[in-house]
Amino acid sequence: MSKRDHYEVLGVDRTAGEEELKKAYRRLAMKYHPDRNPEDHTAEERFKEVSEAYDVLSDPGRRSIYDQYGHEGLERASAAGAGGFGGFGAGFGDLFGDVFSEIFGGGRRAGPRRGADLRYRIELTLEQAAAGATETIRIPSLSSCSACGGHGTADGRPAPECHTCHGAGQVRVQQGFFVLQQACPTCRGRGAAVADPCATCRGSGQLRRDKTLEVRIPAGVDTGDRVRLTGEGEPGERGAPPGDLYVQVQVRPHELFERDGSDLYCSVPVSFVVAALGGTVEVPTLSGRAKLEIPEGAQNGKVFRLRGLGIKSVRGGAPGDLLCSVVVETPVNLTRKQRDLLRRLGEALEAGGSRHSPQTSSWLDKARAFFEAHIKP
142 MSKRDHYEVL GVDRTAGEEE LKKAYRRLAM KYHPDRNPED HTAEERFKEV SEAYDVLSDP
202 GRRSIYDQYG HEGLERASAA GAGGFGGFGA GFGDLFGDVF SEIFGGGRRA GPRRGADLRY
262 RIELTLEQAA AGATETIRIP SLSSCSACGG HGTADGRPAP ECHTCHGAGQ VRVQQGFFVL
322 QQACPTCRGR GAAVADPCAT CRGSGQLRRD KTLEVRIPAG VDTGDRVRLT GEGEPGERGA
382 PPGDLYVQVQ VRPHELFERD GSDLYCSVPV SFVVAALGGT VEVPTLSGRA KLEIPEGAQN
442 GKVFRLRGLG IKSVRGGAPG DLLCSVVVET PVNLTRKQRD LLRRLGEALE AGGSRHSPQT
502 SSWLDKARAF FEAHIKP
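Here it is as structure tokens:
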């Protein structure tokens, strides 16, 4: 059976350039890949056809022969040993490796890897978060071996490039038309061959030890904020740059205040007398004390705002406010005399009608209307 034209297989013109060929092949190879079409023999045949077409057209010499003499010219050249056509060529292998990486997440490693980032959680009081603090932390970590400078060699010089993988840390193994990537068996993925390892770190270039750091926490941080310490993470491979250390802030709950962004909330208990007659109460703030003026007739739950007594955000801007919620305390443990006085006061208030208890009067009117509308006698 005659073979289809390679340009037709890839769906490109005969003048298509390298990038156009590559783009067409990648699209079709991913579409017909056997792993994406299990038990579909038609897709498998199409995949082989697409791969062969690209293998030919991506090679300038073989493409020239094909353009002049077609399939027959390639077969004669192969028989004569002109191109080593006994299998898929290097051009196919390189590109299929890229497609295979996209499908399965593989990839060639370029040079020594940067060190891993570390994370450390630190707990602060609300006062520390608001004012800023300097904390000393101790973390277990890998550090670059000082004896060999992180290279893992006895003389402290960079290890020579692995002759098997040429520094990539990975090798490609071709099985039929599959090209797989795996860690280099010679250097075990490091990309360098250490013939004479460092006696201190045994060739790893790294040592595990605890280190103590001072962390400056800026004023205004909140739970979830992070402070980055550049270069304080794990060391990189073979002298590559280290990673970073991220210190994540957790603010402990406060016994008086609750925080919402830059604002602070607190409950302020006031006596029955102060709520009724008005007065001045002292309230705490993060910077000291402040006076709160309670107007006559303040109701339970009334919120008063003290501007600028909250927290200044780490991101800048004006400080937030302190919002004080009044909690009217009911007197307890009364003496007989105090009880009598309250009864007399209550009687006097009831005689005054709704002007002394506007909320109660309004509530009673609503309750009465509800009973009349929904409850039949």
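Those letters in the sequence shown? Residues 142 to 518, by the numbering used here.
Backbone N, C-alpha and C define an ideal beta-carbon position, used for all residues, glycine too.
These figures come from a predicted structure and were not determined experimentally.
- The three-state reading of DSSP puts Q440 in coil, since its state is none of H, G, I, E or B.
- Restricting attention to beta strand (DSSP E) runs no shorter than 3 residues, the segment 362–391 encloses them at 367–370, ordered along the chain.
- Counting along the chain, the unbroken alpha helix (DSSP H) around S192 starts and ends at 182–198.
- Of the candidates A184, S287, T364, the residue whose Cα lies closest to the Cα of Q269 is T364.
- Leaving aside the five residues that flank A416 on each side, the residues in its chain whose CB is nearer than 6 Å to its CB run, in chain order, A439, V469.
- Partner residues in the beta bridge of E423, as assigned by DSSP, are K432.
- By the Cβ neighbour-count rule, T294 is buried, with 16 or more other Cβ atoms within 10 Å of its own.
- For E491, the enclosing alpha helix (DSSP H) stretches over residues 477–493.
- The segment 417–428 and the segment 436–451 touch, with three or more beta-carbon pairs separated by less than 8 Å.
- The C-beta separation of G374 from L259 comes to about 5 Å, placing the pair in contact by the 8 Å criterion.
- Counting the other CB atoms within 10 Å of its CB gives R279 a total below 16, which places it among the exposed residues.
- Spatial neighbours of T471 in its own chain (CB-CB distance under 8 Å, excluding positions within 5 residues in sequence) are listed in chain order as F413.
- One alpha carbon belongs to S285, the other to R349, and they sit about 9 Å apart.
- In the three-state reduction of the DSSP assignment, I452 falls in the coil class.
- With a threshold of 16 other beta carbon atoms within 10 Å, F398 meets it and is buried.
- Between A324 and I452, the gap from beta carbon to beta carbon reaches 8 Å or more.
- Looking only at P301, T275, L405, the smallest Cα-Cα distance to S466 is reached by L405.
- Looking at the DSSP output, Y406 sits in a beta bridge with E399, L464.
- Between the beta-carbon of L463 and that of L450 there is about 4 Å, and that keeps the pair under the 8 Å contact cut.
- Rounded to the nearest whole angstrom, the CA to CA distance from L169 to R155 is 18 Å.
- Around the beta carbon of P376, a 10 Å sphere encloses 16 or more other beta carbons of the protein chains shown; the residue is thus reported as buried.
- Contact annotation, L386 with Y261: C-beta distance approximately 6 Å; criterion of less than 8 Å satisfied.
- The three-state secondary structure of A271, taken from DSSP, is helix.
- Contact check for L151 and V191: beta-carbon distance about 7 Å, within the 8 Å limit, so the pair qualifies.
- Rounded to whole angstroms, the Cβ separation of S403 and G457 is 10 Å, and the two are not in contact under 8 Å.
- Going by DSSP, R167 is part of the alpha helix (DSSP H) stretching over 159–173.
- Taken through DSSP and simplified to helix, strand or coil, R155 comes out as coil.
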